[in-house]
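J.:
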Amino acid sequence: SLSKEIKIPKQLSFTIKNWEQHKKLIIDQIKSIFKNNTIIIRSSSNNEDTWQSSQAGKFITVKDINPRNSNQIKDSINKVISSYQNIDKSKDSVLVQLQIKNIKISGVIFTCTLDTGAPYYHINFDRNSKITDGVTSGNTNNLEKITVSKYNLKYLENNDKFFYDIIKKVRAIERFLVYSKLDIEFIVTDRNKFILLQVRPITVDHSKYINF
6 SLSKEIKIPK QLSFTIKNWE QHKKLIIDQI KSIFKNNTII IRSSSNNEDT WQSSQAGKFI
66 TVKDINPRNS NQIKDSINKV ISSYQNIDKS KDSVLVQLQI KNIKISGVIF TCTLDTGAPY
126 YHINFDRNSK ITDGVTSGNT NNLEKITVSK YNLKYLENND KFFYDIIKKV RAIERFLVYS
186 KLDIEFIVTD RNKFILLQVR PITVDHSKYI NF
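So the sequence shown is residues 6 to 217, counted in our numbering.
1. Classify residue 62 as buried or exposed, calling it buried when 16 or more other Cβ atoms lie within 10 Å of its own Cβ.
2. If you follow the alpha helix (DSSP H) that residue 182 is in, where does it begin and where does it stop?
3. Thinking just about the alpha-carbon of each residue, which of 18, 161 and 77 is nearest to the one in residue 127?
4. What's the call for residue 98, buried or exposed, on a 16-neighbour Cβ count within 10 Å?
5. Pairs of beta-carbons, one from the region 91-106 and one from the region 14-32, closer than 8 Å: are there three or more?
6. For residue 47, which residues of its own chain have a beta-carbon under 6 Å away from its beta-carbon, when the five flanking residues on both sides are left out?
7. Can you check which of these residues, 204, 208 and 7, is closest to residue 112 by C-alpha distance?
8. Determine contact between the region 118-125 and the region 192-199, defined as no fewer than three beta-carbon pairs at a distance below 8 Å.
9. Just to confirm before moving on: does the CB-CB distance between residue 41 and residue 103 stay below 9 Å?
10. For residue 76, name the three-state secondary structure that DSSP assigns.
11. With distances taken between CB atoms, is the gap from residue 170 to residue 147 smaller than 9 Å?
12. So the alpha helix (DSSP H) residue 22 belongs to, where does it begin and stop?
13. For residue 34, name the three-state secondary structure that DSSP assigns.
14. Tell whether a beta-carbon distance below 9 Å holds between residue 173 and residue 211.
15. Using the rule of at least 16 other Cβ atoms within 10 Å of the residue's Cβ for burial, across every protein chain shown, is residue 214 buried or exposed?
16. Run through the DSSP bridge pairs and tell me what residue 188 is partnered with.
17. May I ask you to list the residues that DSSP assigns as paired with residue 149?
18. In angstroms with no decimal places, state the Cα-to-Cα distance between residue 207 and residue 114.
Dropping the structure here:
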């Protein structure tokens, strides 16, 4: 099953509208779910990733949060929300997750070419900063990129087993969701565990392009 190959950290998500209406309930849920474990609060906005432009660095991720500290939770959530642009309070969300340690690499994978929808995997990753949001925050000078055709994965298999194994997990996510145009945020731990942080469908119209 998908869960055997891919780990998803303990998490809670809620819309901005829900936050405004039920702050105390959400804070109590966070305390109950995460207990003594350090958490990270990140954006999950509809505007976060578009095919026309990169949004890296335009949204805030707040790390090292004590889930027992109500004021720190509240201030961190409000800080993340304040970074959103053109807010849709019923759709734009906040994501609270267990903060993962011992990170080998963090990155983002697009499962097609951004502007045309062509069948390529694009992996943008940071293997030096040891932080969960190195790529998405724009706060890294260590960005590396790999682009590989979906029809020529044999080359990757023969030349880079580590990233080939990552692509195999991405393909499992595509099969599970029955959708081939995805934006996937991930990390790999020091023990080579693939952890899925976020996955979003890409809904931009690529119909004016013909890909063979």
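Backbone N, C-alpha and C define an ideal beta-carbon position, used for all residues, glycine too.
T.: The answer reads as follows:
1. In the sequence shown, residue 62 corresponds to position 57, counting from 1. Because the pLDDT of residue 62 is 42, which lies under 50, any placement of that residue in the model is unreliable, and the number read from its coordinates should be weighed accordingly. Exposed, since its Cβ has fewer than 16 Cβ neighbours within 10 Å.
2. Indexing the sequence shown from 1 puts residue 182 at position 177. Counting along the chain, residue 182 sits inside the alpha helix (DSSP H) bounded by residues 166-182.
3. Here residue 127 refers to the residue found at position 122 when the sequence shown is read from its first residue. Out of 18, 161 and 77, 161 has the C-alpha closest to the C-alpha of residue 127.
4. Residue mapping note: residue 98 aligns to position 93 of the sequence shown, counting from 1. Within 10 angstroms of the beta-carbon of residue 98 lie 16 or more other beta-carbons, which makes it buried.
5. yes
6. Indexing the sequence shown from 1 puts residue 47 at position 42. Excluding sequence neighbours, residue 47 sits near 66 and 100.
7. In the sequence shown, counting from the first residue as 1, residue 112 sits at position 107. If we check each option's Cα against that of residue 112, 204 comes out closest.
8. Not touching, per the Cβ criterion.
9. Walking along the sequence shown from the start, residue 41 turns up at place 36. Walking along the sequence shown from the start, residue 103 turns up at place 98. Cβ distance not < 9 Å, so residue 41 and residue 103 don't count as in contact.
10. What you label residue 76 is simply residue 71 of the sequence shown in a count that begins at 1. Shown here, residue 76 sits in a helix according to DSSP, grouped into three states.
11. Locating residue 170 in the sequence shown gives position 165, where the first residue counts as 1. Locating residue 147 in the sequence shown gives position 142, where the first residue counts as 1. No, they are not a contact pair.
12. Taking the sequence shown and counting its residues from 1, one reaches residue 22 at position 17. Residues 21-26.
13. Residue mapping note: residue 34 aligns to position 29 of the sequence shown, counting from 1. Residue 34: helix per DSSP, three-state reduction.
14. Residue mapping note: residue 173 aligns to position 168 of the sequence shown, counting from 1. Residue mapping note: residue 211 aligns to position 206 of the sequence shown, counting from 1. Residue 211 sits away from residue 173, with the two beta carbons spaced by 9 Å or more.
15. Residue numbering aside, residue 214 sits at position 209 when the sequence shown is read from its first letter. Taking all protein chains shown into account, residue 214 has fewer than 16 neighbouring C-beta atoms within 10 Å of its C-beta and is therefore exposed.
16. Locating residue 188 in the sequence shown gives position 183, counting from the first residue. BP columns for residue 188 point to 115 and 205.
17. Translated into positions along the sequence shown, residue 149 becomes position 144. Answer is 130, bridged to residue 149.
18. Walking along the sequence shown from the start, residue 207 turns up at place 202. Walking along the sequence shown from the start, residue 114 turns up at place 109. Answer to the nearest angstrom: the Cα atoms are 12 Å apart.
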